[in-house]
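Position in the sequence shown (first residue = 1) + 289 = the numbering used here.
Beta carbons are placed, not taken as given, at the ideal position from N, Cα and C, and that holds for glycine.
Input: a single structure, listed below in structure tokens.
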Amino acid sequence: MTPDNETMQSPTSRIVQSSFAELAPLAPQMGRIFYAELFALDPTLRTLFVGNIERQGDKLVQMIGAAVNLLDQPRRLMPVLRQLGQRHVGYGVRRSHYDVVGLALVRTLELTLGNRFTDEVRAAWIKFYRLVATTMMAAADELADAA
Ligand code: HEM
290 MTPDNETMQS PTSRIVQSSF AELAPLAPQM GRIFYAELFA LDPTLRTLFV
340 GNIERQGDKL VQMIGAAVNL LDQPRRLMPV LRQLGQRHVG YGVRRSHYDV
390 VGLALVRTLE LTLGNRFTDE VRAAWIKFYR LVATTMMAAA DELADAA
């Protein structure tokens, strides 16, 4: 039997969940900061984003929120992340892009949470992002293998 909290150890998921709750009122700013950070780190990524960037920021933050809420329910979370990863292939996203997006996310959290972004909170978010990114990338690879 697979326990339902196998995906991440509970202390980590609790830290990510409580810091996301603190971020919720700042979600609109968060999207803007995220893309500013991302395009500062790698301006070439701008060409991948064809739609409205404000709305894209909202979608990103909403999806992070959905993943954060499902952290303790891997059987529900995994298919959502796998499908998201496979859709990203169609957006032109490649494995190499995930590191820079992770870095932009950590910088965004740092700027948004200020001194509440302690070492412990940072470590928990990095673990969370690794889980999300590796699941998305693995599903994307399977799609490529099947082609
Ligand atoms: C934590 C990882 C990520 C999450 C939660 C996430 C979330 C999302 C969401 C919710 C959408 C809206 C469309 C959909 O649901 O299919 C989207 C679109 C998109 N994402 Fe991501 N994403 C992630 C990683 C990345 C990475 C690594 C890149 C690479 C630069 C990227 C680039 C894009 C692009 C180009 C679009 C389409 C934008 C457009 O149509 O203008 N995402 N993402």
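- Not one heavy atom of the ligand HEM lies closer than 6 Å to the C-beta of residue 398.
- The three-state reading of DSSP puts residue 333 in helix, counting H, G and I together.
- Contact check for residue 374 against residue 435 fails: the beta carbons are separated by 7 Å or more.
- A residue is called buried once 16 or more other Cβ atoms fall within 10 Å of its Cβ, and residue 339, having fewer, is exposed.
- Between the ligand HEM and the CB of residue 340, the shortest heavy atom gap is smaller than 6 Å.
- C-alpha of residue 341 to C-alpha of residue 364: approximately 32 Å in a straight line.
- Within 6 Å of the C-beta of residue 315 there is not a single heavy atom belonging to the ligand HEM.
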